[in-house]
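Keeping their order, the protein sequence lines are chains A and B. Numbering follows my numbering, in which position 191 of the first sequence is assigned residue number 1510; successive positions increment by one, without gaps. Numbering follows my numbering, in which position 113 of the second sequence is assigned residue number 258; successive positions increment by one, without gaps. Ideal Cβ placement from N, Cα and C applies to all residues, glycine included.
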Amino acid sequence: MSMATASRVVLIGGSAGGLQAILTLLPGLSSRMNAAVIIVLHRQSRTDSMLAELLSAKTTLPVHEAEEKEPLLPGAIYIAPGDYHLLVETDHTLSLDYSEKIHFSRPSIDVTFSSAAAVFGEDTMAVLLSGANSDGVEGLADVHEAGGITMVQDPETATVDFMPRHAIQTVPVDHVLAADVMASFINNFAGVLAG
Amino acid sequence: MHRNHISEQEVSMLLNDVLERYGYDFTEYAHASINRRVNHLFQADRFPSFAEFRYRIISDAGYALRFVEEITVNVTEMFRDPQFYYALRQQVLPVLATYPLIRIWHAGCSTGEEVYSFAILLKEAGLLHKSVIYATDINTSVLEKGRTGIFPLSQMQQYSRNYMEAGGLEDFSSYYTANYEYAKFRQDLGGKIIFSPHNLVTDGSFNEFQLIICRNVLIYFNKTLQDKVLRLFCDSLEPLGFLALGSKESLNFTSVSAQFRQLDGREKIWRKHHL
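This is how it looks when you write it as structure tokens:
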């Protein structure tokens, strides 16, 4: 049994206020999108089982917490588990990592963004949402350097504007958008599943 | 934000060097994580080029040891995932209690915080006096830390909370003496722990155990290596022995899964079949 893994990836990272933005953009994602979606959200690790459920209610795409060594499939949404870093491997599978926190965070947005950029290159789109710390900015820089597309939540619309503002000041950002208009850009990048 | 990177190909050259020169085999580790750690070390030690980094590793055995120590992950805590320890207390210790001598292997123990945690469980169940815990790791300097039983005092508040959530009933601070910035754990806990180097990739079995604990080590290996190490664990367990892994690790879809049955509940604890 072998299924073709995703050839494009959409990365979504958020911290304080990020969940709200994700809940806003998810319903707009096409049910036939042809990219894997990875969500890295800072949170208390205890709320894990509820998070997948909460996000599932907002989209028809399948959502689940990422598992060790599972392949990235097109049209599926993966959530980085609480208290683990999530990395993308060359063969388009996922691996977990329990190393030091980055910017006081595990999962770290930087870790996932950077490792995905190294594998997917220009087929990467990275979206950075509301938050109060600096995680994700270096990851966005790596996505940009690899030729991928960078998108940041419009600070004016973010619950906590520090993270998006810091990103815009530091990294070349392709799109600055409110969460409710992000989905069409993501759908456009992700393409449509055949059949 | 231009940073000096070394490529995945260069990383694999280094791993081959380390294997050929020093016998440490990282070639079957999951790439993304090891790639990140090698790059981190490359930047932290400020090498101007890959060639100089490589030359240093090949020519300086002391530095090569630092390389090995830095690219292995050594993040741990006491009573990590308290529910896991609660399950050990409830479901595993009563079975271990029936043995005259309890042999436990904690593989990949890092600096030993989880080993001391389990020693506390054994102590409270009245089993520590008839137990031996072999705590092993590839990294000899973390073992040295474990042997001292001295951990930062700043962590004790968190550890005490974990201990309570794991079903602990005592005053956690009764297990250590605080001295300046450090907490030194009681001699009777450490006295039953044998810290010793062991490389899961290259070394074989060294005893038969009733319980093997190996948490958040397999996530760093590729599938092939995971299978190999799980077979080593399987061969090192007595019939009806227990295997305990990290909270995101599993025996599903591995070559040993048919020989184990997972205990009831959410925890990653399996019991080996009879025969």
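From Tyr279 (chain B) to Tyr304 (chain B), what does the alpha carbon distance come to, in whole angstroms? 22 angstroms
Distance between beta carbons of Lys393 (chain B) and Glu1387 (chain A), contact taken as under 8 angstroms: 6 angstroms
Give the DSSP bridge partners of Val1407 (chain A), in chain order. A:Leu1413
Is Gly294 (chain B) helix, strand or coil by DSSP? coil
Does the beta-carbon of Asn284 (chain B) have 16 or more other beta-carbons within 10 angstroms, so that it is buried, or is it exposed? buried
Specify the secondary structure class of Val287 (chain B) as computed by DSSP and reduced to three states. helix
From this set, A:Ser1427, A:Thr1409 and A:Leu1338, which residue's C-alpha is nearest Asn180 (chain B)'s C-alpha? A:Thr1409
Met1322 (chain A): buried (16+ other C-beta within 10 angstroms of its C-beta) or exposed? exposed
DSSP state of Asn324 (chain B) mapped onto helix, strand, coil: strand
Let's see if you can read the secondary structure: which residues bound the beta strand (DSSP E) around Lys417 (chain B)? Ile414 to Lys417
Measure the C-alpha to C-alpha separation of Val1359 (chain A) and Arg166 (chain B) and round it to an integer number of angstroms. 39 angstroms
Coarse secondary structure for Glu1384 (chain A), derived from DSSP in three states: strand
Which of helix, strand or coil does DSSP assign to Met1284 (chain A)? This structure cannot settle anything about residue 1284 (chain A), because the visible part of chain A is limited to 1320 through 1514.
Unbroken alpha helix (DSSP H) run spanning Pro1483 (chain A), endpoints: Phe1481 to Thr1489
Taking 8 angstroms as the threshold, find out whether the segment 196 to 214 of chain B comes into contact with the segment 380 to 399 of chain B through three or more Cβ pairs. no
Does DSSP classify Ile372 (chain B) as helix, strand or coil? The sequence as given places Asp at residue 372 (chain B); Ile does not occur at that position. Residue state, collapsed to three classes: helix.
Assuming Ser204 (chain B) is part of the beta strand (DSSP E), what are its boundary residues? Per DSSP, Ser204 (chain B) belongs to no beta strand (DSSP E); it is in the alpha helix (DSSP H), Phe195 to Ser204.
Out of curiosity, what's the CA-to-CA distance linking Gln228 (chain B) and Ala311 (chain B)? 6 angstroms
For the alpha helix (DSSP H) that Glu155 (chain B) lies in, which residues bound it at each end? Glu153 to Tyr167
Does any residue of chain B bring its CB to less than 8 angstroms from the CB of Asp1499 (chain A)? no
Report yes if the C-beta distance between Thr369 (chain B) and Glu155 (chain B) is below 8 angstroms; otherwise report no. no
Could you name the residues of chain B that Lys1388 (chain A) contacts, counting a contact when the two beta carbons are closer than 7 angstroms? Lys368
Chain B beta carbons: is any one of them nearer than 8 angstroms to that of Asp1454 (chain A)? no
For Ser1449 (chain A) versus Ala1335 (chain A), is the C-beta distance shorter than 8 angstroms? yes
Between Glu155 (chain B) and chain A, is there a C-beta pair that is closer than 8 angstroms? no
If you reduce the DSSP assignment to three classes, tell me which class His251 (chain B) lands in. strand
DSSP on Asp1442 (chain A), reduced to helix/strand/coil? helix
Report buried or exposed for Pro1426 (chain A), applying the criterion of at least 16 other Cβ atoms within 10 angstroms of its Cβ. buried
Classify Gln1363 (chain A) as helix, strand or coil using the three-state DSSP reduction. coil
I'd like to confirm the pairing. Which residues does DSSP put opposite Ile1358 (chain A) in its beta bridges? A:Ile1331 and A:Ile1398
With His1463 (chain A) as the anchor, note down where its beta strand (DSSP E) starts and where it stops. It is not in any beta strand (DSSP E) - His1463 (chain A) instead sits in the alpha helix (DSSP H) that spans Val1456 to Glu1464.
Chain B beta carbons: is any one of them nearer than 8 angstroms to that of Met1320 (chain A)? Any reading at Met1320 (chain A) must be qualified, since the residue scores a pLDDT of 42, below 50, and its modelled position is unreliable; the value itself is stated next. Judged by the 8 angstroms Cβ criterion, Met1320 (chain A) is not in contact with chain B.
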